[in-house]
Amino acid sequence: AQLQISAQNNIGNAKLVVYNSVGQQLIAKPIVIANGTASVQIPVSNFAAGTYKVMVVQQNEVLFSTTMQKQ
Numbered sequence: 170a171q172l173q174i175s176a177q178n179n180i181g182n183a184k185l186v187v188y189n190s191v192g193q194q195l196i197a198k199p200i201v202i203a204n205g206t207a208s209v210q211i212p213v214s215n216f217a218a219g220t221y222k223v224m225v226v227q228q229n230e231v232l233f234s235t236t237m238q239k240q
């Protein structure tokens with residue numbers, strides 16, 4: 170799945186983290202948010218159907234959080 174992240178400013182280095190419904194971390198991927206945007210490829214083909222929490226964190230602070238549904 171392709172994830173487009175938009176921010177109001179340049180955040181710089183951050184980390185994209187994906188958790189499953191029981192709180193297990195499945196992905197922790199370094200990203201760079203420059204010019205207010207970042208495009209991130211999330212490999213979800215091996216994920217089971219369900220709901221996943223997607224977060225962008227920087228120095229243990231959650232900058233963005235949403236849920237993703239895999240059919």
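In my numbering, the protein residues as written are 170 to 240.
The beta carbon of each residue, even a glycine, is placed where N, CA and C say it ideally should be.
Remember, predicted model here, so these are calculated numbers, not experimental data.
query	result
Select from Tyr-221, Gln-227, Pro-199, Glu-230 the residue whose C-alpha is nearest the C-alpha of Ser-190.	Tyr-221
Taking 8 Å as the threshold, find out whether the region 228–236 comes into contact with the region 190–200 through three or more Cβ pairs.	no
By Cβ distance, which residues of its chain are closer than 7 Å to Gln-240, with the 5 residues on each side in sequence left out?	Ala-218
Sorted by chain position, which residues of the same chain lie with C-beta nearer than 7 Å to Val-231's C-beta, five sequence neighbours on each side aside?	Met-224
Which term fits Ala-183, buried or exposed, when burial requires 16 or more other beta carbons within 10 angstroms of its beta carbon?	buried
Quick check on Val-201: buried or exposed, where buried means 16 or more other Cβ atoms within 10 Å of its Cβ?	exposed
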